[in-house]
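Notes follow once the structure below has been shown.
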Amino acid sequence: MALTVLCISFTLFLLLGVPVAFSIALSCIATYWVEGFPLELAFQNLISGMNVFSFLAIPFFIFSGELMLHGGVADKIVNFARNLVGHWRGGLGMANVVACTLFGGVSGSPVADVSAMGGVMIPMMKKEGYSADYAVNVTTHASLAGALMPTSHNLIIYAFAASSSSGMLLGHNIMVKGVSIGDLMFAGLLPVLVLMVCMLFAAFWVAKKEGYPIRPDGSHSLDAFAGWNAVLTSGVAALPGMLVIVIILGCIIAGITTATEAAGIAVTYTLLLTFIGYRTMTWSKLMKAAAKAAKTTGVVLLLIGVSTMFQYIMAILEIPDKTADLLLSATTNPYMMFFLINLILFILGTFMDMASTILICTPLFLPLAIQMGMGPVQFGMVMLLNCALGLNTPPVGTTQFVGCAIGGVSVEQVMKSILPFYGALFAVMLVVTYVPAFSTWIPSLLKGAPVF
Amino acid sequence: MNWLTCLNAQLSRWAMYIAVTCLLGIVGVVVGSVIWRYILNDAPSWSEQVALILVINVAMFGAAAGVRDEGHIGMESLIGLLPEKAQFWIGNLVGLITICFGISLCWGGATMGLSVWPNSIPTLGISEAYRYMPLVISGILIILFSIEHLIAMFTDKEVVPSWH
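Residue numbers (the working numbering), protein chains in the order written: chain A, 1 to 452; chain B, 453 to 616.
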């Protein structure tokens, strides 16, 4: 009965277009009521979910991303990337991939990445003879790296969602429970690198096929190489912005601070850099960035709070076990199971936004994945990649919408030439899903003990 | 309608002021405690709890402002396929459901606040009820903002965000 109330009310609210956070809260309250639990418990869960010191990293990362976006760090990174690879065939496309990956590490958010990089690169590419849909596709796909970078607040959301899942890891016979935020931050580095290389290939291949850039006179001439001197100078100018990743990772590796404190230091560093170093920040920009960050924090932390109610109910109604039984009746082969989980995550990811998908699906599928031999760190990467793919797929493709708005093209037009980029993303997804070392090698190396 | 719009514009502006101040406060407290630990070799015991209380304020005031500026994420794509008339009524229904959420926040926050009133937060010495206070205030704000949206929908007007 309780399960029926939960499922029906939640689905109904979602279909009506009620915001996800309110849908979860109200359907949980209804279920608490049906089950006869005191309703105050729901609100205690709400507050206790938000009130965890580790998750302060979420507002910090959102804030530093906004500061980077408004602080003019983007232009310097674009300059550097353009000098480095801009003279190749499809040069601006390749420069765009490199710039998006670098700024993804600085901002930690695909949407901020597309707004910042797209705002500079898409008009530039259109002017220099690249089609708008190519420009949009390159930007929106390369910027997905932001979701896996150490500065990504979605990593912290995943760590929260995974904290209560545990199980016996198949093939290693050890008990795993939850996941360390530090491990996750390092786990994303290699997949991001592979993602960048795949996107570079896709951008190059399409440019070669279509003959980009097509100059106004109809020729396909390339830009001249700006020289190593220019590469070096622009690299040095962009370096302070990119140092933020080094600071965060350095603080954690050296054991100076916790991951949360490192995120706080990243905000302070960004403030100092944009105010004093680059002198691009003004008070009005700061207020704008802080207000946007506060609002996004409100949306995300409310989701986290209500997910705590949801996880409580799920545990009591044994929903993860029931989901596992259902999926196990379809297949017991780990490879097929991972494929099935990927497919479900992808479909859900196209309809829901990233934070909601992570918060709802992690407790559902992680225990099963562990049982099948995929550890929580690797599962996190798979989850984030799937959600990232959803960001570029209609009907709810947040980064795609932003990219299309900047490029002045319709989603339909962009979808026509999206296949090579999906292909590249799919290749990364296969590697990350079926080769655990891609996500676990670096954290294991740094920790000196195997990480799963 | 007019006075409600004026009131709400002010309220959402103040909600954002509070949220932004608390956000800057959290950064200050967390970074401050790291500096304290390394330079003065003494970590303040209260910093963690202060940061945690501030973050609830950021979240709840930010969430309330998000209701007025329609910042919360929902699945509107399916509703968009329906005829305009149906969209209008479903929009109203969503407004009413949001009001229910606001009421439940107020009730839940107040009930929990009253029940934990005698307990004090360790290291701070203030009542645990302070943790639940933002729930009540943001509940009231969400109710007011949703009523404004409902009226705007019926009179065919738009709610202009007070903070862009």
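Glycine included, C-beta positions come from ideal geometry on N, C-alpha and C.
Rounded straight-line distance, which links the Cα of residue j to that of residue i
{"i": "Ile276(A)", "j": "Met50(A)", "result": "33 Å"}
{"i": "Thr257(A)", "j": "Leu190(A)", "result": "23 Å"}
{"i": "Asn342(A)", "j": "Pro574(B)", "result": "44 Å"}
{"i": "Phe426(A)", "j": "Gly526(B)", "result": "27 Å"}
{"i": "Leu389(A)", "j": "Phe346(A)", "result": "7 Å"}
{"i": "Gly375(A)", "j": "Ser180(A)", "result": "12 Å"}
{"i": "Ala259(A)", "j": "Asp183(A)", "result": "10 Å"}
{"i": "Ile505(A)", "j": "Leu327(A)", "result": "Here chain A comprises residues numbered 1 to 452, so residue 505(A) is not present and cannot be evaluated."}
{"i": "Ile24(A)", "j": "Leu169(A)", "result": "30 Å"}
{"i": "Leu364(A)", "j": "Tyr134(A)", "result": "37 Å"}
{"i": "Val192(A)", "j": "Met149(A)", "result": "7 Å"}
{"i": "Val114(A)", "j": "Glu522(B)", "result": "21 Å"}
{"i": "Thr140(A)", "j": "Gly532(B)", "result": "24 Å"}
{"i": "Lys285(A)", "j": "Val236(A)", "result": "25 Å"}
{"i": "Trp569(B)", "j": "Ala581(B)", "result": "5 Å"}
{"i": "Leu576(B)", "j": "Trp498(B)", "result": "6 Å"}
{"i": "Thr151(A)", "j": "Asn454(B)", "result": "43 Å"}
{"i": "Met118(A)", "j": "Ala330(A)", "result": "It should be pointed out that residue 118(A) corresponds to Gly in this sequence rather than to Met. One C-alpha to the other measures close to 43 Å."}
{"i": "Ser164(A)", "j": "Lys177(A)", "result": "7 Å"}
{"i": "Val197(A)", "j": "Gly403(A)", "result": "21 Å"}
{"i": "Asp436(A)", "j": "Asn544(B)", "result": "The question names Asp, but residue 436(A) is Pro in the sequence shown. Those two C-alpha atoms are separated by around 48 Å."}
{"i": "Pro395(A)", "j": "Trp228(A)", "result": "44 Å"}
{"i": "Phe53(A)", "j": "Pro123(A)", "result": "42 Å"}
{"i": "Ser107(A)", "j": "Ile470(B)", "result": "24 Å"}
{"i": "His153(A)", "j": "Phe61(A)", "result": "6 Å"}
{"i": "Lys288(A)", "j": "Pro613(B)", "result": "13 Å"}
{"i": "Ile265(A)", "j": "Ile248(A)", "result": "8 Å"}
{"i": "Asp608(B)", "j": "Gln539(B)", "result": "13 Å"}
{"i": "Pro367(A)", "j": "Leu391(A)", "result": "25 Å"}
{"i": "Ala460(A)", "j": "Thr323(A)", "result": "There is simply no residue 460(A) to check, as chain A begins at 1 and stops at 452 in what is shown."}
{"i": "Cys474(B)", "j": "Phe438(A)", "result": "39 Å"}
Pair within 8 Å by beta-carbon distance, residue i and residue j
{"i": "Thr362(A)", "j": "Ala161(A)", "result": "yes"}
{"i": "Pro443(A)", "j": "Ala187(A)", "result": "yes"}
{"i": "Tyr32(A)", "j": "Leu39(A)", "result": "yes"}
{"i": "Ala145(A)", "j": "Leu195(A)", "result": "yes"}
{"i": "Val299(A)", "j": "Ala461(B)", "result": "no"}
{"i": "Met381(A)", "j": "Val431(A)", "result": "no"}
{"i": "Leu461(A)", "j": "Ile542(B)", "result": "With chain A represented from 1 up to 452, any question about residue 461(A) goes unanswered, as that position is not in the structure."}
{"i": "Val409(A)", "j": "Ala132(A)", "result": "yes"}
{"i": "Trp506(B)", "j": "Ile487(B)", "result": "Before going on, a small fix: residue 506(B) reads as Leu here, not Trp. No, Cβ-Cβ distance for Leu506(B) and Ile487(B) is not below 8 Å."}
{"i": "Ile313(A)", "j": "Leu6(A)", "result": "yes"}
{"i": "Gly71(A)", "j": "Met281(A)", "result": "yes"}
{"i": "Ile551(B)", "j": "Ile595(B)", "result": "yes"}
{"i": "Phe43(A)", "j": "Met585(B)", "result": "no"}
Neighbourhood of residue i by C-beta, 7 Å cutoff - its chain only, sequence neighbours within 5 removed
{"i": "His601(B)", "result": "Gly547 and Val611"}
{"i": "Leu587(B)", "result": "Met512, Leu557, Gly560 and Gly561"}
{"i": "Gly171(A)", "result": "Gly373"}
{"i": "Ile418(A)", "result": "Asn137"}
{"i": "Phe103(A)", "result": "Ala74, Ile77, Asp113, Ala116 and Met117"}
{"i": "Ser485(B)", "result": "Ala495, Pro496 and Ser499"}
Own chain residues within Cβ distance below 6 Å of residue i, not counting five before or after
{"i": "Ala202(A)", "result": "Pro420, Phe421 and Ala424"}
{"i": "Ala238(A)", "result": "Lys76, Ile77 and Phe80"}
{"i": "Pro59(A)", "result": "Thr297"}
{"i": "Gly515(A)", "result": "For chain A, the structure presents residues 1 to 452; residue 515(A) sits outside this window and is missing."}
Contacts of residue i in chain E (Cβ-Cβ under 9 Å)
{"i": "Tyr582(B)", "result": "Structure shown: chain E not included; protein chains present are A and B."}
Cβ distance (whole Å) where residue i is taken to contact residue j below 8 Å
{"i": "Val111(A)", "j": "Thr399(A)", "result": "6 Å"}
{"i": "Gln217(A)", "j": "Gly86(A)", "result": "Looking at the sequence provided, one finds Asp at residue 217(A) rather than Gln. Their Cβ separation, rounded to whole angstroms, is 20 Å, which puts Asp217(A) and Gly86(A) out of contact at 8 Å."}
{"i": "Val310(A)", "j": "Gln378(A)", "result": "In the sequence as displayed, the identity of residue 310(A) is Phe instead of Val. About 24 Å; that fails the 8 Å criterion."}
{"i": "Phe484(A)", "j": "Ile491(B)", "result": "It is not possible to answer for residue 484(A), since the shown part of chain A is limited to 1 through 452."}
{"i": "Val246(A)", "j": "Ser64(A)", "result": "That belief does not hold up - the Cβ atoms of Val246(A) and Ser64(A) are roughly 14 Å apart, past 8 Å."}
{"i": "Ile304(A)", "j": "Ile157(A)", "result": "7 Å"}
{"i": "Ala477(A)", "j": "Leu317(A)", "result": "Residue 477(A) lies beyond the range of chain A shown here (1 to 452); nothing can be said about it."}
{"i": "Met68(A)", "j": "Thr270(A)", "result": "6 Å"}
{"i": "Leu463(B)", "j": "Ala290(A)", "result": "19 Å between Cβ atoms; not a contact."}
{"i": "Ala517(B)", "j": "Lys295(A)", "result": "6 Å"}
{"i": "Met199(A)", "j": "Ala142(A)", "result": "5 Å"}
{"i": "Val482(B)", "j": "Glu261(A)", "result": "6 Å"}
Chain-order list of residues whose beta-carbon lies under 8 Å from that of residue i (same chain, five-residue window excluded)
{"i": "Thr440(A)", "result": "Ala187, Gly375, Val377, Gln378, Pro450, Val451 and Phe452"}
{"i": "Leu446(A)", "result": "Phe186 and Ile253"}
{"i": "Leu14(A)", "result": "Val20 and Ser23"}
> In chain order, which continuous runs of the beta strand (DSSP E) of length 3 or greater are located wholly inside the region 148–203 of chain A?
Replying inline: Scanning the region 148–203 of chain A from its first residue to its last, the whole beta strand (DSSP E) runs of 3-plus residues come out as 166–169 and 174–177.
> Which ranges would you report for the alpha helix (DSSP H) in the region 256–338 of chain A if only whole runs of at least 4 residues count?
Replying inline: Fully enclosed alpha helix (DSSP H) runs of 4 or longer: 259–272, 283–316 and 319–330.
> At what residue ranges does the region 69–95 of chain A contain a whole run of the alpha helix (DSSP H), taking only runs of 4 or more?
Replying inline: Runs of the alpha helix (DSSP H) inside the region 69–95 of chain A: 73–85.
> Where in the region 373–449 of chain A do unbroken runs of the alpha helix (DSSP H), each at least 4 residues long, occur, reported from the N-terminal end onward?
Replying inline: Runs of the alpha helix (DSSP H) inside the region 373–449 of chain A: 376–391, 398–407, 411–416, 419–434 and 437–447.
> Taking only runs of the alpha helix (DSSP H) that begin and end inside the region 495–533 of chain B, which ones reach a length of at least 4 residues, in chain order?
Replying inline: Complete alpha helix (DSSP H) runs here, min 4: 499–520.
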